[in-house]
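Peer 1: For the sequence shown, my numbering gives the first residue as 96, with consecutive numbering after it. Beta carbons: idealized from backbone N, C-alpha and C, even for Gly.
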Amino acid sequence: MAKYLPIVLNHSGHDTRVILPYYRDIAKAHPVAERTFSFSIRVHIEYQVKVHQITHDNLVVYCVDIPELFDRNGIYSDSYHAYEDNGERFSVFSMAALDFIQYFSDQIQFKPDVIQCNDWHTALLPALFKHDKYWQGQNTKTMLTIHNGAFQGISGKHLVPSLLHRLGADNTHYEADVINFLKLGIINADSIVAVSPNYAEELKSELGSHHLYDIFNQHKDKVFGVLNGCDYKDWDPLNDPYIEQQYDATSLDTKVANKLALQKQNGLEQNANIPMIAMVSRLTDQKGLNYLLPAIRELIQHKIQICIAGTGDPLYVDQLEYLAGKHSANVHFYHGFSEDIAHKYMAATDFFLVPSLFEPCGLTQMYALAYGTLPIVREVGGLKDTVTDITNEDATGVVFKQPTCEQLVSAIRRALLFYHEDTAKFRVVQTRAMNTKFSWQESAEQYVEIYKQMFN
96 MAKYLPIVLN HSGHDTRVIL PYYRDIAKAH PVAERTFSFS IRVHIEYQVK VHQITHDNLV
156 VYCVDIPELF DRNGIYSDSY HAYEDNGERF SVFSMAALDF IQYFSDQIQF KPDVIQCNDW
216 HTALLPALFK HDKYWQGQNT KTMLTIHNGA FQGISGKHLV PSLLHRLGAD NTHYEADVIN
276 FLKLGIINAD SIVAVSPNYA EELKSELGSH HLYDIFNQHK DKVFGVLNGC DYKDWDPLND
336 PYIEQQYDAT SLDTKVANKL ALQKQNGLEQ NANIPMIAMV SRLTDQKGLN YLLPAIRELI
396 QHKIQICIAG TGDPLYVDQL EYLAGKHSAN VHFYHGFSED IAHKYMAATD FFLVPSLFEP
456 CGLTQMYALA YGTLPIVREV GGLKDTVTDI TNEDATGVVF KQPTCEQLVS AIRRALLFYH
516 EDTAKFRVVQ TRAMNTKFSW QESAEQYVEI YKQMFN
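1) Is Gly324 buried or exposed, if buried means 16 or more other CB atoms sit within 10 Å of its CB?
2) Kindly give me the distance between the Cβ atoms of Ile281 and Leu262, rounded to whole angstroms, as I take these residues to be in contact under 8 Å.
3) Look up Ile210 in the DSSP assignment and say whether it is helix, strand or coil.
4) So, does the segment 535 to 544 touch the segment 349 to 365, judging by three or more C-beta pairs under 8 Å?
5) Nearest by alpha-carbon distance to Cys402: which of Gln247, Asn425, Val412, Met461 is it?
6) Less than 8 Å separating the beta-carbons of Val321 and Ser189?
7) Three-state secondary structure (DSSP) at Tyr462?
8) Quick one, are the C-beta atoms of Ile471 and Phe447 less than 8 Å apart?
9) Leaving out five residues before and five after His176 in sequence, what residues of the same chain have Cβ atoms less than 8 Å from its Cβ?
10) DSSP beta-bridge partners for Lys371?
11) Going by DSSP, which residues form a beta bridge with Asp160?
12) Strictly by DSSP, which residues pair up with Met238?
13) Going along the chain, which residues of its own chain have a beta-carbon closer than 7 Å to the beta-carbon of Ile170, five neighbours each way excluded?
14) For the beta strand (DSSP E) that contains Phe185, what are its first and last residues?
15) Closer than 8 Å by C-beta to Leu247: which residues in its own chain qualify, once you throw out the five before and the five after it? Chain order, please.
16) Tell me where the beta strand (DSSP E) around Arg137 begins and ends.
17) Among Lys520, Trp535, Val156, which has the Cα closest to the Cα of Ile203?
18) Helix, strand or coil: how does DSSP classify Leu469 here?
19) Alpha carbon to alpha carbon, what distance is there between His109 and Thr529?
20) Which residue from Val504, Lys252, Tyr514, Val475 puts its Cα closest to that of Leu298?
21) Suppose you measure from the CA of Ile102 to the CA of Lys398; what does that come to, to the nearest Å?
22) Going by other Cβ atoms of all chains shown within 10 Å of its Cβ, with 16 needed for buried, is Ile140 buried or exposed?
23) Whose C-alpha, out of Gln396, Asp285, Lys520, Val127, is nearest the C-alpha of Cys158?
24) Would the beta-carbon of Arg473 fall within 8 Å of that of Val493?
25) Quick check: what's the CA-CA separation for Ala122 versus Phe432?
26) Starting from the C-beta of Ile58, find all residues in its chain whose C-beta is less than 7 Å away, skip the five residues before and the five after it, and write them out in chain order.
27) I need the DSSP call for Ser172, collapsed to helix, strand or coil.
28) Closer than 7 Å by C-beta to Pro498: which residues in its own chain qualify, once you throw out the five before and the five after it? Chain order, please.
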């Protein structure tokens, strides 16, 4: 979103800029800045800050360079473990962003109408904004976009000394010795946007609110849902450099060459008639692994091939490696992620699994639709907004409701029956799926309407 939404907004005539940390990977890709601005942040200690201006796809990007906080191997974590000082890192980043815009607005010729924050990492910014006398006098609004409300940035007060120094320690910002970054953002932002309409409704429900039911309902009138768009330049089977055989909705017959190539690559029986199911995902509870694994044990009695790729919880990695070793004729597991694998799996298979426990928006099901690979999804969050079950006239995939092994197995068996019994109808649904598009232009127009509402 931080890339595609501002690019589309700029193309529509809006002046949109991005500000983000100068992560090590960004520094490697953009070692030379067009302009650099220097200042300091005085909190419990003094941070020396440089902000480098670069341009990416005609989008102006400001990179906040504080080496002791952001010059690290990972963005949020070192391998599988989050950095202990993440609270301090993103507190200081939010302060730096506000200070930069204030100090250098004349030089960069930019005064924002709306500052749009994303997830807990910048959810503190609206609270800092309302606490700052300069920003209190500006006609600027803040918006918080929630991509995943399960990650809330809960931190002990002792881990965010800069924030304590800037905001003070009164109880309006904290509960006992803990601070919840996302909660502060929900309370203080002028508008909250979830990344799909259905996820916005779920956040206001007791079950789907990630334990923030009371807070979301206190602020429900400023909660909206806008579905993320999809970048079809990177996910286009007709121009995909990673796959064996390129194709589009008018040449679906040639898609089978990708299946045969993947079967060979993964050591599976090369047979175009065997239905293949893929999943490329983080291996976590959120992605439904706790009921997917027993479902696989049920499904291997069918003539079916299941290819899974991903990284995540070592417990799930171990179980998938065991299943792939014991049932190598049916199951293949790739422990890792690469663009090559993701694209090959998307193009080669007949169905794509997204059995999430919750899914704010989801992108892989959109990619699957674009590749004529029918998604099998749980009716939750953005999955509900993007996939229509095969029982409907406008079907694009297979949908199930409850997060259980039984319901997932039933959904996959319905998919297999559909695949085997009605080849012509299956092709019609594949074609409809490939013609289903979710554009960033439409999403941007909805965001603009919410921006306008904040000033009414």
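Peer 2: Inspection of the coordinates gives the following:
1) buried
2) Contact flag wrong, Cβ pair sits at about 16 Å.
3) strand
4) no
5) Asn425
6) Their beta carbons are not under 8 Å apart, which means Val321 does not touch Ser189 by this criterion.
7) helix
8) yes
9) none
10) For clarity, residue 371 is Met in the given sequence; the question names Lys instead. Partner(s): Gln400.
11) Asp160 is bridged to Lys145.
12) Gln211, Ser286
13) Tyr118
14) Looking at the DSSP string, Phe185 is not in any beta strand (DSSP E); the run it does join, the alpha helix (DSSP H), is 181 to 203.
15) Checking the sequence shown, residue 247 turns out to be Gln, not Leu. Answer for Gln247: Trp215, Asn275, Phe276, Leu277, Lys278, His305, Leu307, listed in chain order.
16) Note, Arg137: beta strand (DSSP E), 130 to 137.
17) Considering only alpha carbons, the answer is Val156.
18) Leu469 sits in a strand when the DSSP states are folded into three classes.
19) Going by the sequence as given, residue 529 is Met instead of Thr. When only Cα atoms are considered, Met529 and His109 end up about 31 Å apart.
20) Val475
21) 46 Å
22) exposed
23) Val127
24) no
25) Near 23 Å, if we compare the C-alpha coordinates of Phe432 and Ala122.
26) No answer is possible for residue 58: it lies beyond the span of the chain, which begins at 96 and ends at 551.
27) The answer is strand: DSSP assigns Ser172 an E or B state.
28) Gly383, Tyr386, Leu452, Arg473
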